[in-house]
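Top line first, the protein sequences correspond to chains A and B.
If you're matching positions, the first sequence starts at 1 in the working numbering and goes up one per residue.
If you're matching positions, the second sequence starts at 1001 in the working numbering and goes up one per residue.
Note that CB positions come from ideal geometry on N, CA and C, so glycine has one too.
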Amino acid sequence: EAQVTQNPRYLITVTGKKLTVTCSQNMNHEYMSWYRQDPGLGLRQIYYSMNVEVTDKGDVPEGYKVSRKEKRNFPLILESPSPNQTSLYFCASSLAQGNTGELFFGEGSRLTVL
Amino acid sequence: AQSVTQLGSHVSVSEGALVLLRCNYSSSVPPYLFWYVQYPNQGLQLLLKYTTGATLVKGINGFEAEFKKSETSFHLTKPSAHMSDAAEYFCAVSVLRNNDMRFGAGTRLTVKP
């Protein structure tokens, strides 16, 4: 089954404790992206990757890091989480640049930073 | 860069009534337009999309949307609401050769019995 898998789905952590949210897709998609969803703001892009070893900042990259060492995986790293990073996070993937851009989403990771 | 505005953060309709969710876009080049639906505790899933060709597009679950270039709109409609349509709906825009998809703030649809 074609899917985007995120882990963990729920996480409560404390300020400053490094964490990683994993994302994996099995559709051989070149493009992957991370979004955060906050009430009234919709989805805002954090980082995206056009292919292996190619990443770039989205609209709200501060406080986040990503890596793309393999095509299927695109982890989101919070080196020193802060309460303003409490949010619902989504990973998404799609075919290469130039297509219609339809995104396939994971089920989301709800993060609370105390 | 392209952008979308969804009019109304909350829409409430009675079961069986018409559903109309409004979306206006801004883009300097021909856009690709999407509606995604998010059910509680789930990720977003594609409802329908407009790329080129026919301006009236049909999606899953009886939804449809019409691309109106003159009005820069892509409103989502369904003739008769079902309880199962209660969800949050997001309009999104992207452009050819650019994977930068921009989302609206979302509209939460409530369906009353």
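**Study point:** Outcome for ILE46/A when other beta-carbon atoms lying within 10 angstroms are tallied against a minimum of 16
**Key:** buried
Point to revise | Endpoints, the beta strand (DSSP E) within which ASP56/A is located | key: 54–57
Exercise for review: Sort HIS1010/B, ALA1086/B, VAL1011/B and GLN1042/B by Cα distance to ALA92/A and report the nearest one.
Suggested key: GLN1042/B
Check your understanding: What in chain A is Cβ-close to ALA1054/B, meaning under 9 Å?
Key -> Those within 9 Å of ALA1054/B in chain A number zero; the least Cβ separation is about 14 Å.
Practice item. Measure the beta-carbon distance from GLY108/A to GLY1104/B and round it to whole angstroms, keeping in mind my assumption that it falls under 8 Å. Key: In fact, because the Cβ distance is near 18 Å, the residues do not count as touching under 8 Å.
Review point. Does the ligand ATP have a heavy atom nearer than 6 Å to the CB of ALA1087/B?
Key: Questions concerning the ligand ATP fall outside what the structure shown contains, since it holds no ligand whatsoever.
Point to revise | Integer Cβ distance of GLY94/A from LEU103/A, believed to fall under 8 Å | key: The sequence as given places Ser at residue 94/A; Gly does not occur at that position. Contact flag correct, Cβ pair sits at about 5 Å.
Review point. Are the CB atoms of PRO81/A and VAL60/A nearer to each other than 7 Å?
Key: no
**Study point:** DSSP state of GLU1071/B mapped onto helix, strand, coil
**Key:** helix
Practice item. Pick out whichever of THR1077/B, PRO1040/B, GLN1038/B and THR1072/B has its Cα sitting closest to the Cα of VAL1057/B. Key: THR1077/B
Review point. From ARG68/A, PRO83/A, ARG72/A and THR5/A, pick the residue whose C-alpha is nearest to that of THR13/A; which is it?
Key: Among ARG68/A, PRO83/A, ARG72/A and THR5/A, the Cα nearest to that of THR13/A belongs to PRO83/A.
Practice item. Measure the alpha-carbon distance for THR1052/B versus LEU19/A and round it to whole angstroms. Key: So the alpha carbons of these two residues sit roughly 42 Å apart.
Practice item. Label TYR10/A either buried or exposed according to how many other C-beta atoms from any shown protein chain fall within 10 Å of its C-beta, with 16 as the threshold for buried. Key: exposed
Check your understanding: For ARG36/A, which beta-bridge partners are listed by DSSP?
Key -> ARG44/A and TYR89/A
Check your understanding: Looking at LEU1047/B and TRP1035/B, is the spacing between their C-beta atoms short of 7 Å?
Key -> Cβ distance < 7 Å, so TRP1035/B and LEU1047/B count as in contact.
Check your understanding: Grouping DSSP H, G and I as helix and E and B as strand, with all else coil, what is PRO83/A?
Key -> helix
Point to revise | Three-state secondary structure assigned by DSSP to MET27/A | key: coil
Review point. Where do the ends of the beta strand (DSSP E) carrying SER1094/B lie?
Key: 1087–1095
Review point. For GLY993/B, which residues from the same chain have a beta carbon less than 8 Å from its beta carbon, with the 5 sequence-adjacent residues on both sides left out?
Key: Chain B is shown only over 1001 to 1113; residue 993/B falls outside these bounds and no answer can be derived.
Review point. Considering PHE1034/B, what are the terminal residues of the beta strand (DSSP E) in which it resides?
Key: For PHE1034/B, the enclosing beta strand (DSSP E) covers residues 1031–1038.
Check your understanding: Does GLY1104/B get closer than 7 Å to chain A when you measure Cβ to Cβ?
Key -> yes
Check your understanding: So what does DSSP say about SER1028/B, is it helix, strand or coil?
Key -> The answer is coil: DSSP assigns SER1028/B none of H, G, I, E or B.
Check your understanding: For SER1027/B, which of PRO1040/B, SER1094/B, PHE1067/B and VAL1111/B has the nearest alpha-carbon?
Key -> Nearest C-alpha to SER1027/B: SER1094/B.
Review point. What residue range is occupied by the uninterrupted beta strand (DSSP E) comprising LEU1047/B?
Key: Run containing LEU1047/B: 1044–1050, per the beta strand (DSSP E) assignment.
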